[in-house]
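Report on the following structure.
Chains as they are written, first to last, in the numbering used here: chain A, 1 to 380; chain B, 381 to 760.
Spelled out as structure tokens, the structure:
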């Protein structure tokens, strides 16, 4: 698929489901040695669980502040590591303010990325990559605030400066990408991506400086490319990656990184994806791969008409997922019913052959492309 | 969750997505040394890909016969390993007949389980388990025809006769279970389970004899228990297991195997699950865990009524998945509309608190249990 030798570094199988405990533990262990016994973080994501888990290992107290509407699964998972969870405010900024308040009361604030010790901890991934695969050519890394790629690039390049390190961000949350390209901290106000794990408004000054010095390039992928990567990792890799965790694979699959003939490591940085979202990504993946299609047409509103359609589908051995048969749409000619079916097919070409067969029998249906499907509903 | 130390043997991450290449390769390699250059199998499942992949490694020809309506993904995957795929007949028995015809033409038939060399190949899993975890107490293994558990139990018990080996079958396909319990080959005519990878009508005479001698017990799990195990492996383990591959985990989670305080290995035998089925299992898993609920009630068919319901849901911070608002149901009192919502909630108790709040405001909705949900639709 890529004409390259691609290895996956599976941080989704790491404790807590992401790479986060590496940096959190190292930074907190150093502070613990200095006498700190209470840590605080503001996060409803992987960082929360990383800090909670690290505190548990150290035997320290962790308080995690999350916005009030944080997903309950994240709250429960974080509490599961023994951390205290405070739900505060509507937004992440509110939670952050609350966390700073706790710092005044004596807690140590663990930054998710803009901290040299956190960066050093994430760097252990780079050491492991070089240890396992000394002759690697390219390492591709998801980027949010830049802590992960900073640590990896320092570790990898100190061992072998010829290895290329490429970062990947989502198009809908390109703060580190823009900052890297423009050479100054850029804040992105509007963020819109399924890759919530890297949906960060601004990278750190420390991480930006390291990325500018050591990272060879940062590229962007869109949510469709991310969803396809998650789908491929599931179906072929038998692995659950969260959207942010699949960024590197998405960049390689969509040709955003030149890997031809090379030995490439894609860091799969996490696997904490909401199960409802995963189900949605699977259904979308089946559409993007042309293995589920939607077809639509009008039928005379008489007994036996739908059967004629269903018969053809059965002749082709295809599986019907849903049928919508609407006779009450006031926009449709009276006496006709609007019918839309979702069908599992081998591929889009096979679906077109089936439509030809329907046509032969006088039934005019069309294949809906995702755009058309939205348009047919008046959504643009 | 189990009061035990549970290890997973991840054959879903094996080449071709299941343990099958182990046995196929060893059996075929022996025949290849004797001069055989053409192998045939009748299978649309994991065995097909195991034989195809083994033939590719050996540089031999493989012909795989599948029934005409075999899933196209299986056909493509098998062809992807260089095998010739023949689609023949309506059922597996038809495909088997065709395969025997090819044997007359000179091909060697690779049996999926009732073959000592195939069994020996699967046994390598047992050797690896003992090597990695010499002090294991119990090994739990999915059972279809019995090849996998036969190989594992020979290997494990020859190294350490004190290790218990427990088999697991689905309630809907209990042929090996019944044969094991009754001490003779029992054929099950009607098979009904989501665990298609072990949906076998009858075990082999060789595997039955080995199981009777070495396997300590075989237990049954139902499809709900299997679905929950697949869901748990996905959400917590970040791993895709096919339903048959999750049997051992299902048995441990549902308390069918006594593991308390023990060191247990669950063999996750494969990960080749149809992606549509996986999406369905996720949705079902969310229901079984009480994290998605359906509620249903009647509202006066006047503007603003639905908003009152939606407002309460928003107050609780819950997420609406679907709304069905039907005013045309002739069974419902005129002037009323029937409304059913699917909602993401933290748990069933939280959903009940929300229903209490609706009640306070004079809106009577009820929580639908899966059975009721079917009943409400006249399905029993």
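Each residue gets a CB set at the ideal place from its N, CA and C atoms; glycine is no exception.
Hey, residue 581 of chain B and residue 568 of chain B are a contact pair by Cβ (cut 8 Å); roughly how many whole angstroms apart? Taking the first residue of the second chain as position 1, residue 581 of chain B is located at position 201. Taking the first residue of the second chain as position 1, residue 568 of chain B is located at position 188. Taking a contact as a CB-CB distance under 8 Å, the pair residue 581 of chain B and residue 568 of chain B counts as one, their CB atoms being some 6 Å apart.
Start-to-end residues for the beta strand (DSSP E) that takes in residue 169 of chain A: Walking along the first chain from the start, residue 169 of chain A turns up at place 169. For residue 169 of chain A, the enclosing beta strand (DSSP E) covers residues 164–170.
Sort A:140, A:93, A:231 by Cα distance to residue 165 of chain A and report the nearest one. The count along the first chain starts at 1 and reaches residue 165 of chain A at position 165. Ranked by Cα distance from residue 165 of chain A, the first of A:140, A:93, A:231 is A:140.
If you check the beta carbons only, do residue 65 of chain A and residue 27 of chain A fall under 9 Å apart? Walking along the first chain from the start, residue 65 of chain A turns up at place 65. Walking along the first chain from the start, residue 27 of chain A turns up at place 27. No, they are not a contact pair.
Based on DSSP bridge pairs, tell me the residues matched to residue 322 of chain A. Translated into the one-based positions of the first chain, residue 322 of chain A becomes position 322. For residue 322 of chain A, the beta-bridge partners assigned by DSSP are A:342.
When burial is assigned at 16 or more other CB atoms within 10 Å of the CB, is residue 641 of chain B buried or exposed? Locating residue 641 of chain B in the second chain gives position 261, counting from the first residue. Burial call: exposed.
Take residue 761 of chain B and list the residues in its own chain whose beta-carbon comes closer than 7 Å to its own, dropping the five residues that flank it on each side. Nothing can be reported for residue 761 of chain B: it is not among the residues displayed for chain B, which extend from 381 to 760.
Kindly list the residues whose CB is nearer than 7 Å to the CB of residue 634 of chain B, restricted to its own chain and excluding five residues on each side of it in sequence; keep chain order. The count along the second chain starts at 1 and reaches residue 634 of chain B at position 254. Hits under 7 Å: 601, 605.
Outcome for residue 354 of chain A when other beta-carbon atoms lying within 10 angstroms are tallied against a minimum of 16: Translated into the one-based positions of the first chain, residue 354 of chain A becomes position 354. Looking at its Cβ environment, which holds 16 or more other Cβ atoms inside 10 Å, residue 354 of chain A is buried.
Contact with chain A by residue 572 of chain B, beta-carbon distance below 9 Å: Here residue 572 of chain B corresponds to residue number 192 of the second chain, with the count starting at 1. Chain A, which has no Cβ nearer than 9 Å to the Cβ of residue 572 of chain B, makes this no.
In this structure, does DSSP put residue 289 of chain A in helix, strand or coil? Counting from 1 along the first chain, the entry for residue 289 of chain A is found at position 289. Residue 289 of chain A: coil per DSSP, three-state reduction.
CB contact below 9 Å: residue 379 of chain A versus chain B: Locating residue 379 of chain A in the first chain gives position 379, where the first residue counts as 1. Per-residue confidence for residue 379 of chain A stands at a pLDDT of 47, beneath the threshold of 50, marking its modelled position as unreliable; the derived number appears in the next sentence. No - not a single Cβ of chain B is within 9 Å of the one on residue 379 of chain A.
Taking Cβ positions, are residue 441 of chain B and residue 414 of chain B nearer each other than 9 Å? Here residue 441 of chain B refers to the residue found at position 61 of the second chain. Here residue 414 of chain B refers to the residue found at position 34 of the second chain. No, Cβ-Cβ distance for residue 441 of chain B and residue 414 of chain B is not below 9 Å.
Run through chain B and tell me which residues come within less than 9 Å of residue 69 of chain A, C-beta to C-beta. Position 69 of the first chain, counting from 1, holds the residue named residue 69 of chain A. Per Cβ cutoff of 9 Å: 697.
Give the single residue among B:401, B:508, B:557 whose Cα lies nearest to the Cα of residue 498 of chain B. In the second chain, residue 498 of chain B corresponds to position 118, counting from 1. Nearest option by C-alpha distance: B:401.
Using three-state DSSP, classify residue 379 of chain A as helix, strand or coil. For the purposes of this step, residue 379 of chain A is taken as the residue at position 379 of the first chain. Any answer about residue 379 of chain A is weak, because its pLDDT of 47 lies below 50 and its placement is not dependable; what the coordinates show is given next. Three-state DSSP puts residue 379 of chain A in coil, outside helix and strand.
When you compare only the Cα positions, how much space is there between residue 327 of chain A and residue 654 of chain B? Translated into positions along the first chain, residue 327 of chain A becomes position 327. Translated into positions along the second chain, residue 654 of chain B becomes position 274. So the two alpha carbons sit approximately 34 Å from each other.
Partners in chain A for residue 508 of chain B, counting only beta-carbon separations shorter than 8 Å: Working through the second chain from its first residue, we reach residue 508 of chain B at position 128. Chain A residues near residue 508 of chain B: none, gap ~18 Å exceeds 8 Å.
Hey, is residue 420 of chain B close to the ligand SAM, as in C-beta under 8 Å from one of its heavy atoms? Inclusion of the ligand SAM in the displayed structure is not the case, the ligand content being empty and no account of it being possible.
In whole angstroms, what is the alpha-carbon distance linking residue 747 of chain B and residue 680 of chain B? If you number the second chain from 1, residue 747 of chain B lands on position 367. If you number the second chain from 1, residue 680 of chain B lands on position 300. For residue 747 of chain B and residue 680 of chain B, the distance between alpha carbons rounds to 19 Å.
Where does the unbroken beta strand (DSSP E) through residue 8 of chain A begin, and where does it stop? For this step, residue 8 of chain A is matched to residue 8 along the first chain. 5–10 is the extent of the beta strand (DSSP E) around residue 8 of chain A.
Could I get the ranges of all uninterrupted beta strand (DSSP E) runs contained in the stretch 476–515 of chain B, with 3 residues as the minimum, in chain order? Complete beta strand (DSSP E) runs here, min 3: none at all.
Tell me, please, whether the stretch 668–677 of chain B touches the stretch 720–727 of chain B by the rule of three or more beta-carbon pairs shorter than 8 Å. They touch, by the three-pair rule.
Compute the Euclidean distance between the alpha carbons of residue 322 of chain B and residue 59 of chain A, then round it to the nearest angstrom. A question about residue 322 of chain B goes unanswered here, because the residues of chain B that appear run from 381 up to 760.
Closest by C-alpha distance to residue 72 of chain A, when choosing among A:52, A:45, A:106: Taking the first chain and counting its residues from 1, one reaches residue 72 of chain A at position 72. Comparing Cα positions, the closest option is A:45.
Among the residues of its own chain, which have a CB less than 7 Å from the CB of residue 365 of chain A, if the five just before and after it don't count? Numbered from 1 along the first chain, position 365 holds the residue referred to as residue 365 of chain A. Excluding residues within five positions, the ones whose Cβ falls inside 7 Å are 295, 296, 297, 355, 358.
Going by Cα to Cα distance, which pick from B:742, B:682, B:705 is closest to residue 715 of chain B? Taking the first residue of the second chain as 1, we reach residue 715 of chain B at position 335. Nearest in C-alpha terms to residue 715 of chain B, of all of B:742, B:682, B:705, is B:682.
Ordered list of beta strand (DSSP E) runs contained in the stretch 574–643 of chain B, each at least 3 residues: Within the stretch 574–643 of chain B, the complete beta strand (DSSP E) runs of at least 3 residues fall at 597–601.
Would you mind telling me which residues of chain B sit closer than 7 Å to residue 72 of chain A, beta carbon to beta carbon, in chain order? Stepping through the first chain from its first residue, residue 72 of chain A is reached at position 72. Against chain B, the beta carbon of residue 72 of chain A has neighbours under 7 Å at 726, listed in chain order.
DSSP beta-bridge partners of residue 40 of chain A: To locate residue 40 of chain A, count along the first chain from 1; it is residue 40. Per DSSP, A:63, A:109.
Beta bridge counterpart(s) of residue 650 of chain B as assigned by DSSP: Translated into positions along the second chain, residue 650 of chain B becomes position 270. In the DSSP assignment, residue 650 of chain B is bridged to B:398.
Cα-Cα, which of A:347, A:323, A:348, A:349 is closest to residue 337 of chain A? Taking the first chain and counting its residues from 1, the one referred to as residue 337 of chain A is at position 337. For the set A:347, A:323, A:348, A:349, the Cα lying nearest the Cα of residue 337 of chain A is the one of A:323.
Over what stretch of residues does the beta strand (DSSP E) that includes residue 466 of chain B continue unbroken? By one-based count along the second chain, residue 466 of chain B stands at place 86. Here the beta strand (DSSP E) through residue 466 of chain B covers 464–467.
Look at the alpha carbon of residue 157 of chain A and the alpha carbon of residue 217 of chain A, and state the distance between them as a whole number of angstroms. As a working mapping, residue 157 of chain A is identified with position 157 in the first chain. As a working mapping, residue 217 of chain A is identified with position 217 in the first chain. The alpha-carbon atoms of residue 157 of chain A and residue 217 of chain A are separated by roughly 14 Å.
Exposure label - residue 492 of chain B; buried when at least 16 CB within 10 Å: In the second chain, counting from the first residue as 1, residue 492 of chain B sits at position 112. Counting the other Cβ atoms within 10 Å of the Cβ of residue 492 of chain B gives 16 or more, which makes it buried.
Would a check of beta-carbon distances place residue 436 of chain B closer than 9 Å to chain A? Residue mapping note: residue 436 of chain B aligns to position 56 of the second chain, counting from 1. No, because no Cβ of chain A sits closer than 9 Å to the Cβ of residue 436 of chain B.
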